[in-house]
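Protein chains in written order, with my numbering: chain A, 1 to 150; chain B, 1001 to 1083. Even glycine gets a Cβ: it sits at the ideal position worked out from N, Cα and C. Structure first, then comments.
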Amino acid sequence: MIQVSVQQDPIDPASVIEQVGHEQDGAVLLFVGVVRNHADGRSVTGMRYESFREMAVDVLEAIAGEAALHLGTDRIAVVHRIGELRIGDASVAIAVSSPHRGEAFEAARYVIEEVKKRLPVWKKEHYEDGSDEWVAGAVPPADGLLGGDG
Amino acid sequence: MSLPVHALFFAAYRDLLGASRLELDLPDGATVRDLVEDLRGRGAPFDGLPAEPAVAVNRVYSPLSAPLQHGDEVAFIPPVAGG
């Protein structure tokens, strides 16, 4: 069962894992993306994430659905956090379970790569000198699908 | 002018315009591209929007050639940076 969330609350990785898993599954995988303290040689002190929340939920469901269709496991949970985050805070967590490890790794990889290409989320980095900037991101394809260039 | 649409702006675009939402009225048959050109034609700060931004119509990514319908919600999507 696919479960997605875009939330202000801190991410609890253990609870994301609990959303997947099945007696037939021999692999449970968790990916956690966290805020790091540097970007392009500058010291980063924190990050503000914003989303077009309603659409982001739709896009997360679509991405997880594609992973399920292609990789044969629908035990996928994705949580993306928005709001003010500090260094080390989890910004995204992806849990997948599947009968064998290969599909779990592939599905988690697919989800995070597609999130970076087309999830309507933006982040503003706060720097040590007090300035901040929107992070230059990826232009999503106009058809919303992998490989589009419109 | 009889095609009301809602335009939404996020992140860098919202900061540029100082607004997160605008109500517009376009001619019948207008496309997303017509909406973009209408806005950019208003001068600063609207001309700071890209000529070919990514957009989502009713929360679905759409090409600039997409025709608009009465009451559509057109979100201007700056380059995304989730994860």
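Query, Result
"Chain-order list of residues whose beta-carbon lies under 8 Å from that of Leu85/A (same chain, five-residue window excluded)", "Val35, Gly46, Met47, Arg48, Tyr49, Ser91"
"Same chain only: Cβ atoms within 6 Å of Ala1075/B, ignoring 5 sequence neighbours per side", "Leu1008, Ala1056"
"Pick from Pro13/A, Ile2/A, Ser51/A that is closest to Ser1020/B, judged by C-alpha positions", "Ser51/A"
"Cβ shell of Ala68/A (< 8 Å), same chain only, five flanking positions each side left out", "Ile2, Asp74, Ile76, Ala107"
"Of the listed residues Arg109/A, Val111/A, Ala138/A, Ile112/A, nearest to Trp122/A (C-alpha basis)", "Ala138/A"
"CB-CB length for Leu1003/B against Val1032/B, believed under 8 Å", "Leu1003/B to Val1032/B, Cβ: 12 Å. No contact."
"Where Asp58/A meets chain B, residues with beta-carbon distance less than 7 Å", "Arg1059"
"Cβ-based neighbour list, Gly1048/B, same chain, cut-off 7 Å, excluding 5 preceding and 5 following", "Leu1016"
"Exposed unless 16 or more other CB atoms sit within 10 angstroms - verdict on Arg101/A", "exposed"
"Residues sharing a beta bridge with Leu1024/B, DSSP", "Val1005/B"
"DSSP three-state assignment for Met55/A, whether helix, strand or coil", "helix"
"Ile82/A beta carbon less than 8 Å from that of Glu114/A", "no"
"Rounded straight-line distance, which links the Cα of Pro1078/B to that of Tyr1013/B", "7 Å"
"Per-residue contacts from Pro141/A into chain B (C-beta, under 9 Å)", "Ala1054, Tyr1061"
"Short CB-CB distance (under 8 Å) between Pro13/A and chain B", "no"
"Residues that Val1080/B contacts on chain A, provided the C-beta gap is smaller than 9 Å", "Val115, Lys116, Lys117, Arg118, Leu119, Pro120, Val121, Trp122, Gly137, Ala138, Val139, Pro140"
"Gly88/A: contacting residues in chain B (beta-carbon distance under 8 Å)", "Here the premise fails: no neighbours, minimum Cβ distance about 16 Å."
"Proximal chain B residues relative to Glu66/A, where beta-carbon distance stays under 9 Å", "Simply none; closest approach about 14 Å."
"Per-residue DSSP class, three states only, for Val1074/B", "strand"
"Ile76/A at chain B interface by Cβ criterion, 8 Å", "no"
"Neighbour flag for Phe1009/B against chain A, beta carbons, 8 Å", "no"
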